[in-house]
Amino acid sequence: MIDICSELSLPIVYSKDDTKHDIQTKIYGFFKKWMQYSFPTNHYNLEVLMDLRLYLTSENPNKRLTSKEKDKIIFLSKKILHYANNDYNLKYSDYDTEQEIIDDLYYIAKYGDILSVRKAVESWNKQHGNKTKITPYISHKKKEELEKKRKYKMKDQQLKIHSGSFVVSFS
Numbered sequence: 005m006i007d008i009c010s011e012l013s014l015p016i017v018y019s020k021d022d023t024k025h026d027i028q029t030k031i032y033g034f035f036k037k038w039m040q041y042s043f044p045t046n047h048y049n050l051e052v053l054m055d056l057r058l059y060l061t062s063e064n065p066n067k068r069l070t071s072k073e074k075d076k077i078i079f080l081s082k083k084i085l086h087y088a089n090n091d092y093n094l095k096y097s098d099y100d101t102e103q104e105i106i107d108d109l110y111y112i113a114k115y116g117d118i119l120s121v122r123k124a125v126e127s128w129n130k131q132h133g134n135k136t137k138i139t140p141y142i143s144h145k146k147k148e149e150l151e152k153k154r155k156y157k158m159k160d161q162q163l164k165i166h167s168g169s170f171v172v173s174f175s
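End of the sequence shown = 175 in my numbering, gap-free, step of one.
Here it is, written out as C-alpha cells:
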C-alpha cells in the first residue's frame with residue numbers, strides 16, 4: 005500500500021511505523037476528502053480516483069503462493085529443465101507428448117517471479133524448431149529488481165584497454 009501511495013503521489017502522510025490499518029484509514033480519509041483526483045502515469049494503469057478504488061477492492065494480483073503451490077511450480081519447472089538438458093528428447097523425460105510440456109509451461113508462466121520458472125521458459129524458447137514461444141509474467145517490482153541487479157553486474161565488469169608502447173623496468 006505504501007508503494008501505491010508513493011507511486012501515485014497521493015497527498016497522504018505516513019511513516020514506516022504505521023500499520024496496514026492506519027494506512028487504510030488514511031486512504032479512506034483521502035477518498036472522503038477528494039472527489040476528483042488525477043494520477044500521474046503509473047504501471048498500475050490508474051487514471052482517476054474510481055480506478056484506485058476498484059484496484060484496492062479487487063483481489064491482490066501479486067498474491068503470495070503457499071509453500072505447496074510453490075513446490076509444485078518449482079517441480080514442474082525442474083521437469084521442463086530436465087527435458088531441455090536431455091537435448092529436448094521425450095524418451096528421456098517424464099513427459100509423453102510435447103503438448104503436456106506446453107500445458108505445464110502455460111501454467112507456470114504466470115509465476116515468472118520465480119527463478120526456476122524463468123529458466124524453464126527460457127530453455128523452452130531456446131529449442132530449435134520451436135513454434136510456441138512463451139513469455140513469463142514478471143511483476144513490475146521484480147522487473148525493477150532484476151534491472152538493478154543487471155546494472156550492478158555491468159558496473160563491475162568495466163574493462164579498459166590501453167594501447168601503445170609501455171616501458172617496464174625492474175630495479
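The beta-carbon is built from N, C-alpha and C at its ideal position, and this holds for glycine as well.
Quiz item: Where K30 and I16 are concerned, what is the direct C-alpha to C-alpha distance, given to the nearest angstrom?
Solution: 7 Å
Practice problem: Starting from the C-beta of M158, find all residues in its chain whose C-beta is less than 7 Å away, skip the five residues before and the five after it, and write them out in chain order. | Solution: none
Quiz item: CB I138 to CB L109, shorter than 8 Å?
Solution: yes
Practice problem: Per DSSP, which residues does S173 bridge with? Please list them. | Solution: According to DSSP, which records beta bridges pairwise, S173 is partnered with nothing at all.
Quiz item: Would DSSP call D42 helix, strand or coil?
Solution: Per the sequence presented here, residue 42 reads as Ser, with Asp not at that position. Strand.
Practice problem: Would you be able to state if there are at least three C-beta pairs under 8 Å between the region 116 to 131 and the region 73 to 89? | Solution: yes
Quiz item: Could you give the distance in angstroms between the alpha-carbon of D117 and the alpha-carbon of T70?
Solution: 14 Å
Self-check item: Burial state of L58, where buried means 16 or more other Cβ atoms lie within 10 Å
Solution: exposed
Quiz item: Given S13, which residues of its chain have a CB within under 7 Å of its CB, disregarding the five upstream and five downstream residues?
Solution: P44
Quiz item: In terms of residues, what are the limits of the alpha helix (DSSP H) holding V121?
Solution: 119 to 130
Quiz prompt | Inter-residue Cα distance where the pair is K135 and I105 | solution = 13 Å
Self-check item: Exposure label - I77; buried when at least 16 CB within 10 Å
Solution: buried
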